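Protein chains: 2
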Amino acid sequence: MTEHKTLTMSDIARLAGVSESTVSRALRDNPIINEKTRKKVQQIARDHHYQINESARNLRLNKSHTIAVVMLLDPACGQAISDPFLLDLLGNVADELTKNGYDLLLSTTQVLGEDLSPRYLDSKRADGMIIIGQGAQGQQIDALAGSRKLFVVWGADRPGQNYATVGSDNKKGAYLAVRHLIETGRRRIAFLGDSRHPEIEQRLAGYHQALAEAGLNPDPTLQVETDFSSQSGYEATRDILMTEGRSFDAIFTVSDAIAMGAIKLLGEKGVRVPEEVAVSGFDDIPTSAYCTPSLTTVRQNTAEGGRQLVKCLLDQLAGKEQRSVVLDVELIVRQSSSGESA
Amino acid sequence: MTEHKTLTMSDIARLAGVSESTVSRALRDNPIINEKTRKKVQQIARDHHYQINESARNLRLNKSHTIAVVMLLDPACGQAISDPFLLDLLGNVADELTKNGYDLLLSTTQVLGEDLSPRYLDSKRADGMIIIGQGAQGQQIDALAGSRKLFVVWGADRPGQNYATVGSDNKKGAYLAVRHLIETGRRRIAFLGDSRHPEIEQRLAGYHQALAEAGLNPDPTLQVETDFSSQSGYEATRDILMTEGRSFDAIFTVSDAIAMGAIKLLGEKGVRVPEEVAVSGFDDIPTSAYCTPSLTTVRQNTAEGGRQLVKCLLDQLAGKEQRSVVLDVELIVRQSSSGESA
Numbered sequence: 024m025t026e027h028k029t030l031t032m033s034d035i036a037r038l039a040g041v042s043e044s045t046v047s048r049a050l051r052d053n054p055i056i057n058e059k060t061r062k063k064v065q066q067i068a069r070d071h072h073y074q075i076n077e078s079a080r081n082l083r084l085n086k087s088h089t090i091a092v093v094m095l096l097d098p099a100c101g102q103a104i105s106d107p108f109l110l111d112l113l114g115n116v117a118d119e120l121t122k123n124g125y126d127l128l129l130s131t132t133q134v135l136g137e138d139l140s141p142r143y144l145d146s147k148r149a150d151g152m153i154i155i156g157q158g159a160q161g162q163q164i165d166a167l168a169g170s171r172k173l174f175v176v177w178g179a180d181r182p183g184q185n186y187a188t189v190g191s192d193n194k195k196g197a198y199l200a201v202r203h204l205i206e207t208g209r210r211r212i213a214f215l216g217d218s219r220h221p222e223i224e225q226r227l228a229g230y231h232q233a234l235a236e237a238g239l240n241p242d243p244t245l246q247v248e249t250d251f252s253s254q255s256g257y258e259a260t261r262d263i264l265m266t267e268g269r270s271f272d273a274i275f276t277v278s279d280a281i282a283m284g285a286i287k288l289l290g291e292k293g294v295r296v297p298e299e300v301a302v303s304g305f306d307d308i309p310t311s312a313y314c315t316p317s318l319t320t321v322r323q324n325t326a327e328g329g330r331q332l333v334k335c336l337l338d339q340l341a342g343k344e345q346r347s348v349v350l351d352v353e354l355i356v357r358q359s360s361s362g363e364s365a
Numbered sequence: 024m025t026e027h028k029t030l031t032m033s034d035i036a037r038l039a040g041v042s043e044s045t046v047s048r049a050l051r052d053n054p055i056i057n058e059k060t061r062k063k064v065q066q067i068a069r070d071h072h073y074q075i076n077e078s079a080r081n082l083r084l085n086k087s088h089t090i091a092v093v094m095l096l097d098p099a100c101g102q103a104i105s106d107p108f109l110l111d112l113l114g115n116v117a118d119e120l121t122k123n124g125y126d127l128l129l130s131t132t133q134v135l136g137e138d139l140s141p142r143y144l145d146s147k148r149a150d151g152m153i154i155i156g157q158g159a160q161g162q163q164i165d166a167l168a169g170s171r172k173l174f175v176v177w178g179a180d181r182p183g184q185n186y187a188t189v190g191s192d193n194k195k196g197a198y199l200a201v202r203h204l205i206e207t208g209r210r211r212i213a214f215l216g217d218s219r220h221p222e223i224e225q226r227l228a229g230y231h232q233a234l235a236e237a238g239l240n241p242d243p244t245l246q247v248e249t250d251f252s253s254q255s256g257y258e259a260t261r262d263i264l265m266t267e268g269r270s271f272d273a274i275f276t277v278s279d280a281i282a283m284g285a286i287k288l289l290g291e292k293g294v295r296v297p298e299e300v301a302v303s304g305f306d307d308i309p310t311s312a313y314c315t316p317s318l319t320t321v322r323q324n325t326a327e328g329g330r331q332l333v334k335c336l337l338d339q340l341a342g343k344e345q346r347s348v349v350l351d352v353e354l355i356v357r358q359s360s361s362g363e364s365a
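Sequence order for the protein chains is Y and S. Residue numbering for the first sequence follows my numbering, beginning at 24 and increasing consecutively. Residue numbering for the second sequence follows my numbering, beginning at 24 and increasing consecutively.
This is how it looks when you write it as structure tokens:
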């Protein structure tokens, strides 16, 4: 008797032999779906006592039923989408939009120009935008924010910022990881990342907080600028390892990809991880649990991130006040800092 | 004097402070871009002698300038997009569509129903479709192929198939990897993957070919069905390792994610890789070079895959005959099979 509570849109899709977004449209009697399919889907829903969210339905009347997702790329990287974390987040946003009956117009760009709003919103090609990434210094989005605020951004919530963000508690995440490294006896902890990005600036603040609490002075020569790639982590680690007189017993990196590059270099140079140098990443991408040694990291909740980005935007479209969301993070201790099997 | 040859659309985008797709539209005088921006972009292009591809421009007149990219998901996996290889491919398709002035309408689905064509093509919301994944048994797309063939599929080219595919030479890839394992002295080689997928069926054929050439009989108890995840590789390896009397000295897996799961389990059980068991993956995802041990694998060329998928579709839209493309693959030998640093 609980069947009507557990049946999902995906179940109806399978029963009807159509996609989830067709189910969503059919249930809202969208004429884009042919009548036969609409009736079939509606009958299955009725048979199983499936409930339609009416407020969501009303919200979308006379709209494009499409959200533009703009992924901001690092110009230094060249390739389109390469960061496993951002791809994971994109997958979750796609999931969530599908569940809400929206199509996803995907755009990758190296520049958040003023052309975004005319291209997607003024032209009615999309009802709103989700922007993934703030760019170095976060300046580009401030220009956008002058226009109608039909967008939400994945990134860091900063003082004085005039747009809504959804993002992780970056400072807390870095603080937890670095405090853990200190608690396991480390004193000379390197920081690998590019603090011109607002999210990384917050992680650097967490790193400094943990050091300060332990009475340790940060050593600027152990703070090395990298992009988000494994190659960059590999090269940065080689640089600090090869510099005469620069010693370290741990590395905190701002992404798991960077950490994997660091671990590879240490392995090649015969430095044992974690016995001689402990390593922590950030993100908890799917492969981090399966590396050898498995990777200590800070888990960002991409499933919740996808949900909150979509919810925040749909709330705005419904005329509600925009409000930034900071997601909690979790320290995941694995072999690269503890030596124990995870 | 070669400046006009090396300036890219991305360079113009940076100079004009707009996105690449705005540059593409402005160069084609698309009225969706405001006149001031159009003139600015066109002036920069003229100043740098940038050449516009006129045939591409004509092709797109009176079209939606949008391609639907449909990612077929494994219903068993639950989460939207989780395979790092497919995400990498998606990034390259996005790149290539942007370069050609197209927007990308992204859709994820567990079912390739007959509703795809009405939803995207008949409704004029997209000019064509790129479908990533054929699904187990490849049956779903055969149903689609009855309609107008304005789509191309990433996957396996099979006899009697009535639609165009772009995909890797799966049989050759598996053959190269397994032959390499045999050449390094392995005789009992396990196969981890789900051969109901057309691409995996071809890789199984390559595995059998390499064994047959070496005079080895395949042992059906060493062929284990997995999905594409690390977790599945971990569990499958535990199963064969724990089964009384089942011995093996190598594992060929159909994805790098599966291989990482296998290596993790072997490490936990004290089995040395590659000394006792050599492992080869398939894909060459970015993190494969940075695992410990680094992963021997078969490289699929996702950059070329993205280019060919888009080219194949645009050729069809221009009325040219459709033709499947098989991309060459490359064996990448790293520590998990050779023990040497890569």
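The C-beta atom is built at its ideal place from N, Cα and C for all residues, glycine as well. These figures come from a predicted structure and were not determined experimentally.
Nearest-angstrom Cα separation, counted from residue j out to residue i
i	j	result
leucine 30(Y)	tyrosine 73(Y)	7 Å
alanine 280(Y)	arginine 219(Y)	18 Å
asparagine 240(Y)	glutamine 358(S)	39 Å
leucine 204(S)	leucine 110(S)	28 Å
alanine 233(S)	valine 116(S)	33 Å
proline 182(Y)	lysine 194(Y)	14 Å
serine 282(Y)	aspartate 118(Y)	Note that residue 282(Y) is alanine in the sequence shown, not serine. About 28 Å.
valine 296(Y)	proline 316(S)	13 Å
glycine 229(Y)	glycine 158(Y)	20 Å
arginine 61(Y)	histidine 88(Y)	17 Å
leucine 95(Y)	glycine 256(S)	33 Å
glutamate 299(S)	leucine 264(S)	12 Å
glycine 342(Y)	arginine 51(Y)	21 Å
histidine 71(S)	serine 44(S)	18 Å
glycine 304(S)	serine 311(Y)	17 Å
histidine 231(S)	tyrosine 198(S)	8 Å
glutamine 323(Y)	isoleucine 56(Y)	37 Å
aspartate 138(S)	isoleucine 35(S)	39 Å
arginine 226(Y)	phenylalanine 275(S)	40 Å
isoleucine 155(Y)	glycine 329(S)	22 Å
methionine 32(S)	isoleucine 286(Y)	37 Å
Residue closest to residue i, alpha-carbon to alpha-carbon, out of the options
i	options	result
glutamine 345(S)	Glu291(S), Asn57(S), Ile308(S) and Gln331(S)	Gln331(S)
valine 93(S)	His203(S), Ile164(S), Ser278(S) and Gly256(S)	Ile164(S)
alanine 187(S)	Lys195(S), Arg181(S) and Val175(S)	Val175(S)
glycine 173(S)	Lys147(S), Asn123(S) and Gly156(S)	Checking the sequence, you will find leucine at residue 173(S) rather than glycine. Closest option to leucine 173(S), Cα to Cα, is Lys147(S).
aspartate 242(S)	Phe271(S), Asp262(S) and Phe251(S)	Phe271(S)
glutamine 361(S)	Thr207(S), Gly124(S), Leu120(S) and Pro141(S)	At residue 361(S) the sequence reads serine, which differs from the glutamine that was named. Answer by Cα proximity: Thr207(S).
aspartate 338(S)	Arg209(S), Pro141(S), Asp250(S) and Asn123(S)	Asn123(S)
valine 247(S)	Val46(S), Ala237(S), Leu129(S) and Asp262(S)	Asp262(S)
tyrosine 125(Y)	Leu340(Y), Asp307(Y) and Val348(Y)	Leu340(Y)
Check whether residue i and residue j have beta carbons under 9 Å apart
i	j	result
glutamate 224(S)	glycine 190(S)	no
glutamate 353(S)	valine 302(S)	no
glycine 136(Y)	alanine 68(S)	no
leucine 245(Y)	arginine 211(Y)	yes
threonine 260(Y)	leucine 289(Y)	yes
serine 42(S)	glutamine 254(Y)	no
Three-state secondary structure (DSSP) of residue i
i	result
valine 201(S)	helix
threonine 319(Y)	strand
glutamate 353(S)	strand
serine 311(Y)	helix
phenylalanine 305(Y)	coil
phenylalanine 108(Y)	helix
arginine 213(S)	A quick correction: the sequence has alanine, not arginine, at residue 213(S). Strand at alanine 213(S).
glycine 284(S)	helix
glycine 178(S)	coil
leucine 30(Y)	coil
serine 191(S)	strand
valine 92(Y)	strand
alanine 262(S)	Note on identity: in this sequence residue 262(S) is aspartate, with alanine being the wrong assignment. If DSSP states are grouped into helix, strand and coil, aspartate 262(S) belongs with the helices.
alanine 39(S)	helix
Any C-beta of chain S within less than 7 Å: which residues of the segment 231-260 of chain Y qualify?
Ser253
Where the segment 142-159 of chain Y meets chain S: residues whose CB sits under 7 Å from a CB there:
Arg142 and Ser146
Beta carbons nearer than 8 Å to chain S: which residues of the segment 268-295 of chain Y have them?
Ala280, Met283, Gly284, Ile286, Lys287, Gly290 and Glu291
Interface residues of the segment 121-135 of chain Y facing chain S [CB-CB below 9 Å]:
Thr121, Asp126, Leu127, Leu128, Leu129, Ser130, Thr131, Thr132, Gln133, Val134 and Leu135
What are the residues of the segment 186-217 of chain Y that lie near chain S, defined by any Cβ-Cβ distance shorter than 7 Å?
none
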